[in-house]
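**Student:** Everything in the sequence shown is counted per UniProt numbering, starting at 1 for the first residue and increasing by one.
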Amino acid sequence: MKKVNPFYKSKEWRKCRMAVLIRDHYLCQPCLRKGKITTANTVHHIKPLETHPELALDEDNLESICPTCHNQEHPEKGSRKPVEAQRKRRATVLKVEANPERW
1 MKKVNPFYKS
11 KEWRKCRMAV
21 LIRDHYLCQP
31 CLRKGKITTA
41 NTVHHIKPLE
51 THPELALDED
61 NLESICPTCH
71 NQEHPEKGSR
81 KPVEAQRKRR
91 ATVLKVEANP
101 ERW
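#1: Report all residues from its chain with a CB closer than 8 Å to the CB of Thr39; omit the five preceding and five following residues, and keep chain order.
#2: Please determine, among Val93, Thr92, Pro75, Ser64, the residue with the shortest C-alpha to C-alpha distance to Pro30.
#3: By the 10 Å Cβ neighbour count, where 16 or more other Cβ atoms means buried, how is Val93 classified, buried or exposed?
#4: How far does the beta strand (DSSP E) with Val4 in it reach, from first residue to last?
#5: Are Asn61 and His45 closer than 8 Å when you measure CB to CB?
#6: Helix or strand or just coil, what does DSSP make of Glu63?
#7: Are the Cβ atoms of Ala19 and Glu54 separated by less than 8 Å?
#8: Can you tell me which of the three DSSP states Thr68 falls into?
#9: Taking only three categories from DSSP, how would you classify Leu55?
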């Protein structure tokens, strides 16, 4: 299991995170762009923290996001493999026929 970056426990991050959630009215921004209204409880770095640490607390690089959209942004962090995360669930269709000998 990957360790949590200590940055996410900092007072500065918690304050910035709350400001972004309030700014976005706790609404998922990717969902809003698709015309859906979904509650957000996560703040996402648009440009990754690992490659752009200078933007860690830049509110222009942060957006409120729902868990579903966040998992789509980071399939490698979920329990599924990226290919499985992108695959849609399909229904199984069974063809049922009566036994002609019985009728």
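Ideal Cβ positions, reconstructed from N, Cα and C, are used throughout, including at glycine.
Please read all numbers here as calculations on a predicted model, not as lab measurements.
**Tutor:** So, from the listed chains and residues:
#1: Tyr26, Leu27, Cys28, Cys66
#2: Ser64
#3: exposed
#4: Where Val4 is concerned, there is no enclosing beta strand (DSSP E), given that its DSSP letter is neither H nor E.
#5: yes
#6: strand
#7: no
#8: helix
#9: helix
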